[in-house]
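Working notes for the structure below.
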Amino acid sequence: VQLQASGGGLVQAGGSLKLSCAASDPENILSVKEMGWYRQAPGMERELVAIITKDGSTSYSDSVKGRFTISGDNDKNTVHLQMNSLKPEDTAVYYCRLARPSGNIYWGKGTLVTVSS
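What the sequence shown shows, in my numbering, is residues 1252 to 1368, in sequence order.
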C-alpha cells in the first residue's frame, strides 16, 4: 500500500489550503478502518490533526477544530483535508495515515505546509 499526498505549499496567515491523499493498492485487497492526517513541526512530536473512519465519523485535534475539515471517498480510498484560517503555528509537515482493521498502519511521505505571518 502506498499513500500519495499532495496539496502542501506556502500560504499567508488567514489563507486556505487543501491536502489530498490517495491510497494505492495494486493487489486490490485494501480494506480501510480509518484514514487521517498527522503533522510534525520542527523539534516537535508528530501529532494528530484529524481522522475519518470508514463510516464517516470524524475527530479533530482541539487546535484545528472549526478551521479544518476532513473528508473521504471510500470508493477511491482518498482523504482530503480542507484547511481554512491557517495560522503560522499550523506550519508543519503533514502526513497521511491509513489504518486497516488488521491493525496495520501505513504512512505517506509527508507534504510541507508553511504559513507565513
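For each residue, glycine too, the CB sits at the ideal point set by N, CA and C.
- Secondary structure at residue 1296: coil, using DSSP grouped into helix, strand and coil.
- By the Cβ criterion, the stretch 1281-1296 is not in contact with the stretch 1257-1264, since fewer than three pairs of Cβ atoms, one from each stretch, lie closer than 8 Å.
- In the structure shown, residue 1324 falls within a strand segment according to DSSP collapsed to helix, strand and coil.
- Beyond the five residues adjoining it in sequence on each side, residue 1311 comes within less than 8 Å, by CB distance, of 1300, 1301, 1319, 1321 in the same chain, given in chain order.
- In this structure, the CA atom of residue 1315 is about 23 Å from the CA atom of residue 1325.
- With contacts defined by Cβ atoms closer than 7 Å, residue 1364 and residue 1345 form a contacting pair.
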